[in-house]
Amino acid sequence: MSANELTQEGRMMLTRRRFFGRTASGVGVAALASLLGENALAANDDAAIAPPTGLLKAYHHAPKAKRVIYLFQSGAPSQQELFDPKPVLRENEGKDLKDFVEMTQRVTGMTAGQKSFPLAGSRYGFSKMGESGIELGNELLPKISTLVDDMCLIRSMHTEAINHDPAMTFFQTGNQLPGRPSAGAWLHYGLGTLNENLPTFITMVSRGSGRPNCQPLYDRLWGSGFLPSTYAGVKLMSVGDPVLYLSNPEGLDSTARRRMLDDLAKLNQKKLDEFADPEIHTRIQQYELAYRMQTSVPELTDFSDEPQHVLDAYGPDVQKRGSYAYNCLLARRLAERDVRFIQLFHMGWDQHFTLPKQLPGQCRDVDQATTALVNDLKHRGLLEDTLVVWGGEFGRTSYCQGTLNAETYGRDHHPRCFSLWMTGAGVKPGMTYGATDDVCYNITENPVHVHDLHATMLHLLGIDHTRLTYRFQGRYFRLTDVHGEVVRDILT
29 MSANELTQEG RMMLTRRRFF GRTASGVGVA ALASLLGENA LAANDDAAIA PPTGLLKAYH
89 HAPKAKRVIY LFQSGAPSQQ ELFDPKPVLR ENEGKDLKDF VEMTQRVTGM TAGQKSFPLA
149 GSRYGFSKMG ESGIELGNEL LPKISTLVDD MCLIRSMHTE AINHDPAMTF FQTGNQLPGR
209 PSAGAWLHYG LGTLNENLPT FITMVSRGSG RPNCQPLYDR LWGSGFLPST YAGVKLMSVG
269 DPVLYLSNPE GLDSTARRRM LDDLAKLNQK KLDEFADPEI HTRIQQYELA YRMQTSVPEL
329 TDFSDEPQHV LDAYGPDVQK RGSYAYNCLL ARRLAERDVR FIQLFHMGWD QHFTLPKQLP
389 GQCRDVDQAT TALVNDLKHR GLLEDTLVVW GGEFGRTSYC QGTLNAETYG RDHHPRCFSL
449 WMTGAGVKPG MTYGATDDVC YNITENPVHV HDLHATMLHL LGIDHTRLTY RFQGRYFRLT
509 DVHGEVVRDI LT
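29 is the number of the first residue of the sequence shown in our numbering; add one for each residue after it.
As structure tokens, then:
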């Protein structure tokens, strides 16, 4: 086959879908802009937060937040011990849940065979905290409890999935099945980057002391789904280079690497011109970002410039790479450098049988560092334009899984109602929202669905969640699918 024939074949492979999906600019954006409306690409009027550089050229409305720090507690923290006090459970210890409510929700295979569902009251204390007087589980979370006057505690979250993987996938992507873009990817796609030397979307993982090896986490939870892969989150590693292949190979200096990347870019650009594959464009961008990160990442992860009182505030594990405390301090440093979406996954919140043995340590993992992070952001003025979210994928049952006795008990999965808290940009401080019944089985006031949470997060970032879409396989997709309402009652 001649060179001309090869070129002709490349042109034939330039399909309509590739042509419009080649990049988040040019003809594809122009066409989509007509669907989004003129306001989406109108001049940006907000002077405090820089205009977006992604699909949107202007915010849909004035944003309150410019970035998100999402502290995802993988495994599902027990709301009965931490955020939603239920004295009725303790008063009726051992009585069957069926005597109090009609159990209409399906249960997992782990408890479906139980002959009874005995109520299990919390062994841990709650107190009214702060000027707001919000009741929190201050025995297990004594430091986080001091943040009540800054937080909005939602006690009426609910979701659709009853098992961990689909529930975590749902919280990250708005769908229980893998394959959709994660929230951070949507944000990168819509708003673009604020820092050319670091990824727009960064994720970190730590293992807790509760059940550190339970419920694996997959890269697709911070993936780009059907969006071009340039929008995927970058995971910072806890061992070796923070980012894979960040260091130059042995015998290759920076000058030689620069020459190699320049030559490689020319070859990739030639293929991009021939095939218009958006993944080639992604590869060119990622090579360049990796080169810039060789300087920015070592500076980011060097804590030598942190005052000792700051290190002490985050706790004794702050210098231990891969710990939750280390990741929290890194999250603050990333926020200072205007990384758009920062997500921490902390594993181990899955207490099915030995909750009193596992939960206290799991809470100690996060209590001091979370509090230090929020206070640090507040002290530096970063909380004013940073949205912080703390929560897991669903809640825990009020009945005991397995045998109930004085020393130990456990809780199964309960997606019907659970708690999550937020603080920072645009969120009303010192308030609770929503309520559950006396046995924490049903929501009685102001239910908040996962889609509602996503819609609210995007709203705080200046995005109308119904107007940030991507065409794939013949239809327009969005993070909230065809659902979601902004929870305006919790916004300033």
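Where is the CB? At the ideal position from N, CA and C, for every residue including glycine.
Which two residues bound the contiguous alpha helix (DSSP H) that contains His-337?
336-342
Going by DSSP in three states, Pro-146 sits in which element: helix, strand or coil?
It is a strand residue.
In the DSSP assignment, what residue or residues form a beta bridge with Met-196?
Answer by DSSP bridge pairing: none, since Met-196 is not bridged.
Give the straight-line distance between the Cα atoms of Asn-433 and Lys-385, rounded to the nearest whole angstrom.
13 Å
Any chance you could list the beta strand (DSSP E) runs of at least 3 consecutive residues sitting entirely within the stretch 116-178, in chain order?
155-157 and 162-164
Candidates Asn-120, Ser-144, Glu-119 and Met-138: closest to Met-131 by CA position
Ser-144
Rounded C-alpha distance that separates Phe-198 from His-186
12 Å
Pull up the distance between the alpha-carbon of Tyr-437 and that of Gln-107, whole angstroms please.
15 Å
Here's the rule I'm using: 16 or more other beta-carbon atoms within 10 Å means buried, otherwise exposed. How should Glu-421 be labelled?
buried
Extract the residue ranges of the beta strand (DSSP E) inside the stretch 389-473, only unbroken runs of 3 or more that lie entirely within it.
414-419, 423-428, 439-442, 446-452, 459-461 and 471-473
Please classify Thr-231: does DSSP put it in a helix, a strand, or coil?
Reduced to three states, the DSSP call for Thr-231 is strand.
Please classify Glu-435: is it buried, with 16 or more other beta-carbons within 10 angstroms of its beta-carbon, or exposed?
exposed
Within 10 angstroms of the Cβ of Arg-516, are there 16 or more other Cβ atoms? Answer buried if so, exposed if not.
Exposed: under 16 other Cβ atoms inside 10 Å.
Ile-471 to His-442 span [Cα, whole Å]:
12 Å
Helix, strand or coil: how does DSSP classify Tyr-498 here?
strand
Mapping DSSP to helix, strand and coil, what is Val-271?
Coil at Val-271, not helix or strand.
What span of residues does the beta strand (DSSP E) with Gln-101 cover, start to end?
95-102
If I follow the unbroken beta strand (DSSP E) through Tyr-352, where does it start and stop?
No beta strand (DSSP E) contains Tyr-352, which is instead part of the alpha helix (DSSP H) from 352-364.
Compare the C-beta of Gly-103 with all C-beta atoms of chain B and state if any pair is closer than 9 Å.
Reference to chain B is not applicable here, since this structure consists of a single protein chain.
Are Leu-164 and Leu-147 closer than 9 Å when you measure CB to CB?
no
Tell me whether Asn-241 is buried or exposed, calling it buried when 16 or more other Cβ atoms sit within 10 Å of its Cβ.
exposed
Would you call Ser-282 buried or exposed, if buried means 16 or more other Cβ atoms sit within 10 Å of its Cβ?
exposed
Expected contact under 8 Å - CB spacing of Ser-324 and Leu-219 to nearest Å
Between Leu-219 and Ser-324 the Cβ distance is about 20 Å, and since that is not below 8 Å, they are no contact.
Please look up how many angstroms separate the CB atoms of Ile-370 and Ile-491, rounded, as I've assumed it's under 8 Å.
Between Ile-491 and Ile-370 the Cβ distance is about 18 Å, and since that is not below 8 Å, they are no contact.
By the DSSP assignment, the alpha helix (DSSP H) with Gln-108 in it spans what residues?
Per DSSP, the continuous alpha helix (DSSP H) segment holding Gln-108 begins and ends at 107-110.
Are the beta-carbon atoms belonging to Thr-399 and Lys-171 less than 9 Å from one another?
yes
Enumerate in chain order the residues of its own chain whose CB-to-CB distance from Gly-82 is below 7 Å, with the five nearest sequence positions on each side excluded.
Ala-52, His-216, Tyr-217, Gly-218, Leu-219 and Gly-220
So, under 8 Å CB-CB, Leu-168 and Pro-388 are touching, yes? Tell me the CB distance rounded to an integer number of Å.
Yes, Leu-168 and Pro-388 are in contact; Cβ-Cβ is about 6 Å, under 8 Å.
Cβ contact (3+ pairs, closer than 8 Å) linking the stretch 402-416 and the stretch 360-377
Yes, the stretch 402-416 is in contact with the stretch 360-377.
I need the DSSP call for Leu-489, collapsed to helix, strand or coil.
coil
Backbone secondary structure at Ser-237 - three-state DSSP
coil
N- and C-terminal bounds of the alpha helix (DSSP H) containing Tyr-504:
Premise fails: Tyr-504 lies in the beta strand (DSSP E), 503-505, not in any alpha helix (DSSP H).
The stretch 459-479 touching the stretch 495-506, judged by at least three CB pairs closer than 8 Å
no
Do His-89 and His-380 have their CB atoms nearer than 9 Å?
no
Here's a check: name, in chain order, each residue in its chain whose Cβ is nearer than 6 Å to the Cβ of Asp-465, leaving out the five neighbours to either side.
Thr-472
Please name the residue in Pro-80, Gln-101, Lys-85 and Ala-93 whose C-alpha comes closest to that of Gly-423.
Gln-101
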